[in-house]
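Chemist: Its first residue numbered 619, the sequence shown is counted upward by one per residue in the numbering used here. In this text, a Cβ means the ideal position worked out from N, Cα and C, and glycines have one as well. Remember, predicted model here, so these are calculated numbers, not experimental data.
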Amino acid sequence: MGWRDNMKEILDVIIIGAGPAGLSAAVYAARGGLDFVVLEQTYASGGQVLNTSEVDNYLGFHNMNGFELGMKFHEHAQALGCPFENKKVILLKDMGDFKEAECEDGSVYKARNVILAMGASPVRLNVEGEEAFRGKGVSYCATCDGNFFRQKTVAVVGGGDTALEDAIYLSRICQKVYVIHRRDAFRGAKSLEDKLFSCENIEVIWDSVVEEIHGENTVEGITVRNVKMDMAGELKVDGVFVAIGTKPLTELVKNLVEMDEYGYIIAGENCMTNVSGIFAAGDIRKKEFRQIITAAADGANAINSLISSENDK
Ligand code: NAP
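1) Sorted by chain position, which residues of the same chain lie with C-beta nearer than 7 Å to valine 822's C-beta, five sequence neighbours on each side aside?
2) Quick check on asparagine 731: does DSSP put it in helix, strand or coil?
3) Could you check whether the Cβ of valine 756 sits closer than 7 Å to any heavy atom belonging to ligand 1?
4) Within a Cβ cutoff of 8 Å, which residues of the same chain sit near lysine 854, ignoring the five residues on either side of it in sequence?
5) To the nearest angstrom, how far is it from the Cα of valine 858 to the Cα of methionine 736?
6) Taking Cβ positions, are alanine 898 and leucine 734 nearer each other than 8 Å?
7) Quick check: the Cα distance between glutamate 720 and glutamate 746, rounded to an integer number of angstroms?
8) Is the segment 906-922 touching the segment 869-878, taking contact as three or more C-beta pairs under 8 Å?
9) Please look up how many angstroms separate the CB atoms of glycine 665 and glycine 635, rounded, as I've assumed it's under 8 Å.
10) Quick one: Cα of serine 706 to Cα of lysine 690, how far?
11) Taking all protein chains shown into account, decide if valine 845 is buried (16 or more other Cβ within 10 angstroms of its Cβ) or exposed.
12) Does the Cβ-Cβ distance between histidine 692 and leucine 641 come in under 8 Å?
13) With H, G and I counted as helix, E and B as strand and the rest as coil, what does DSSP make of arginine 742?
14) How long is the line joining the alpha carbons of arginine 768 and glycine 699, rounded to whole angstroms?
15) Can you tell me where the beta strand (DSSP E) with threonine 771 in it begins and where it stops?
16) Between the C-alpha atoms of alanine 781 and threonine 761, what's the straight-line distance to the nearest angstrom?
17) Closest by CA to histidine 832, which one among Leu870, Ser789, Glu783 and Ala773?
18) With a threshold of 16 other CB atoms inside 10 Å of the CB of aspartate 812, please say whether the residue is buried or exposed.
19) Looking at the unbroken alpha helix (DSSP H) that takes in glycine 917, where does it start and where does it end?
20) Can you list, in chain order, the residues of its chain whose CB lies under 8 Å from that of asparagine 624, leaving out five sequence neighbours each side?
21) Given that a residue counts as buried once 16 or more other Cβ atoms are within 10 Å of its Cβ, and exposed if not, what is methionine 890?
22) Considering glutamate 686, what are the terminal residues of the alpha helix (DSSP H) in which it resides?
23) To the nearest whole angstrom, what separates the beta carbons of isoleucine 883 and isoleucine 910, a pair I think is in contact under 8 Å?
24) In its own chain, which residues sit with a C-beta less than 6 Å from the C-beta of alanine 695, not counting the 5 before and 5 after it?
25) Given the structure, does tyrosine 787 come close to ligand 1, in the sense that its CB is under 7 Å from one of the ligand's heavy atoms?
26) Give the straight-line distance between the Cα atoms of aspartate 763 and asparagine 888, rounded to the nearest whole angstrom.
27) Cα-Cα, which of Leu687, Val655 and Ser894 is closest to valine 667?
28) Would you mind sorting glutamate 648 into buried or exposed? The rule is 16 or more other CB atoms within 10 Å of its CB.
29) Methionine 847: which of Asp930, Asp802, Gly777 and Gly806 sits nearest, CA to CA?
30) Using the DSSP secondary-structure output, state which residues sit across from threonine 864 in a beta bridge.
31) Spatial neighbours of arginine 805 within its chain, please: C-beta separation below 6 Å, excluding the five flanking residues on both sides.
32) For arginine 800, is the beta carbon positioned less than 7 Å from some heavy atom of ligand 1?
33) What does the Cβ neighbour count give for tyrosine 758, buried or exposed, with the cut at 16 atoms within 10 Å?
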């Protein structure tokens with residue numbers, strides 16, 4: 619008999635997404651004795667962690683392969699008996715006393731609460747070599763992967779706050795940092811811009827786009843085209859940090875919960891959204907610092923808030 623045969627028709631909580639936030643929520647839900655299910659659309663749980671080459675900033679796991687860390691998170695949740703379903707939620711409805719999640723395969727789950735932990739994904743450059751060298755020199759997170767480019771030469775692509783912050787951060791680790799921006803002015807904060815210009819090992823390449831990322835086994839160089847002069851050239855780099863924005867995966871709830879202008883769900887540290895019984899945890903939530911450790915903290919906070927709000931009813 620499977621776990622669903624014993625399941626109450628209306629669960630305590632449906633957790634959507636099995637990245638660090640969703641899995642941490644699952645661990646706390648299991649330990650709190652809640653009836654719940656974790657719905658994850660991809661083949662494996664772990665979220666963006668799975669695509670990270672190495673993780674060196676998650677406490678207790680020094681120099682860890684991202685995929686292995688994601689698997690460890692999953693194993694932990696599984697060992698506590700967390701029920702997982704490999705399903706994509708296509709519709710989420712607030713029915714008042716309960717919420718209803720309809721999946722792509724037609725199955726429907728009902729629960730008094732929902733934790734939205736679908737995460738965010740970095741915007742891709744969509745150039746030749748980007749996918750092939752992902753985790754082999756192409757990164758979307760300077761604070762996660764910067765340390766692996768110590769004393770090397772890297773390129774940061776973008777001209778917003780993230781790109782400026784990443785370049786400044788990397789300038790302390792790398793020998794040389796190129797910032798490649800498609801226009802002739804940054805859109806990031808002036809204070810960051812000033813800081814960036816004061817870093818001697820940062821060189822800005824204006825009006826330029828990356829056309830191709832190449833190498834043998836890892837990144838060795840990029841083709842950069844100056845869009846004003848329409849001329850392309852080669853640049854030798856060991857790594858490419860793509861910082862052209864992130865996209866929260868909030869399509870499912872765009873007419874349901876309050877979001878900021880970028881589509882991140884507005885919820886405080888208690889992870890409560892403007893809709894009773896709907897919580898947002900991890901990278902999907904409007905917050906200052908998106909990291910594995912802050913996502914995991916959100917999962918715990920979401921379950922804690924959920925239990926407190928149920929007790930108050
Ligand atoms: P962003 O502000 O949207 O900037 C994205 C940058 O990438 C822009 O310079 C854009 O160029 C460029 N870009 C976009 N698509 C591109 C493409 N296909 N090819 C080449 N370049 C491309 O994104 P973000 O920097 O990640 O910041 C997102 C939000 O978080 C912003 O509101 C930002 O202020 C905030 N944030 C704040 C902090 C902080 O306060 N410390 C830190 C990080 C982020 P154009 O300029 O030409 O559009």
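Modeler: The relevant details are as follows:
1) Val797 and His799
2) Of the three classes helix, strand and coil, the one that applies to asparagine 731 here is strand, per DSSP.
3) No - ligand 1 has no heavy atom lying nearer than 7 Å to the Cβ of valine 756.
4) Thr771, Glu838 and Gly839
5) 26 Å
6) yes
7) 37 Å
8) no
9) 7 Å
10) Residue identity differs from the one stated: residue 706 is lysine in this sequence, not serine. So the alpha carbons of these two residues sit roughly 22 Å apart.
11) Exposed, because fewer than 16 other Cβ atoms sit within 10 Å of the Cβ of valine 845.
12) yes
13) coil
14) 41 Å
15) 771-775
16) Rounded to the nearest whole angstrom, the CA to CA distance from alanine 781 to threonine 761 is 12 Å.
17) Ala773
18) exposed
19) 910-930
20) Annotation note: pLDDT 43 at asparagine 624 (below 50); position unreliable, no value reported.
21) buried
22) 684-697
23) At roughly 19 Å, the Cβ-Cβ gap does not stay under 8 Å, so isoleucine 883 and isoleucine 910 are not in contact.
24) Contacts found: Leu641, Ala644 and Val645.
25) no
26) 29 Å
27) Leu687
28) The sequence as given places alanine at residue 648; glutamate does not occur at that position. Flag for alanine 648 reads buried.
29) Asp802
30) Note: threonine 864 sits in a beta bridge opposite Pro740.
31) Gly777 and Gly778
32) Distances from the CB of arginine 800 to the heavy atoms of ligand 1 include at least one below 7 Å.
33) buried
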